[in-house]
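Numbering (this note's numbering), first residue to last: 29 to 178. Ideal placement from N, C-alpha and C gives every residue a C-beta, glycine not left out. To keep things clear, I will list the structure first and then write my remarks on it.
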């Protein structure tokens with residue numbers, strides 16, 4: 029019985045161990061790359077500070093670096109806000125389209141009453157389902173006359 033469960037688990041979930049190892053390797057690689065990137069970022073600012081301190085006094089160089097960093101942060105915040113607004117508009121458009129595809133309220137009431145109708149005779153239930161499908165198809169405009177039926 030245990031072997032059967034193991035085989036079913038492999039069929040349902042696939043081989044988990046190779047995927048977990050791959051995820052761990054990717055995570056470790058991302059952490060190491062992040063550390064190197066942070067080190068390069070700090071070194072860049074140190075080099076910029078040293079360069080600017082030759083041209084200006086150290087306080088002015090620090091203020092210039094702070095202003096550049098603040099400007100970069102404002103630009104990043106603006107870009108993220110624009111992307112979020114666009115994503116929100118797309119989500120709202122998808123929701124409106126989904127609502128437009130819903131059947132009318134009468135059809136929804138008929139659909140809500142179908143389970144109770146199905147408890148009765150099977151012929152009546154089949155006729156009720158056929159009627160609902162027909163009404164929904166006609167309500168959505170499918171099944172209309174073809175243009176080549178002249």
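- Runs of the alpha helix (DSSP H) spanning 4 or more residues and lying entirely within the stretch 75-152 occur at 86-129, 133-146, in chain order.
- The same chain holds no residue with a CB closer than 7 Å to that of residue 59 once the five nearest residues on each side in sequence are set aside.
- Taking a C-beta distance under 7 Å as the contact criterion, residue 89 and residue 80 qualify as a contact pair.
- The residues 89, in chain order, have a CB closer than 8 Å to that of residue 83 in the same chain once the five nearest residues on each side in sequence are set aside.
- Going by C-alpha positions, residue 127 is about 14 Å away from residue 118.
- Cα atoms of residue 110 and residue 101: separation of roughly 14 Å, rounded to the nearest angstrom.
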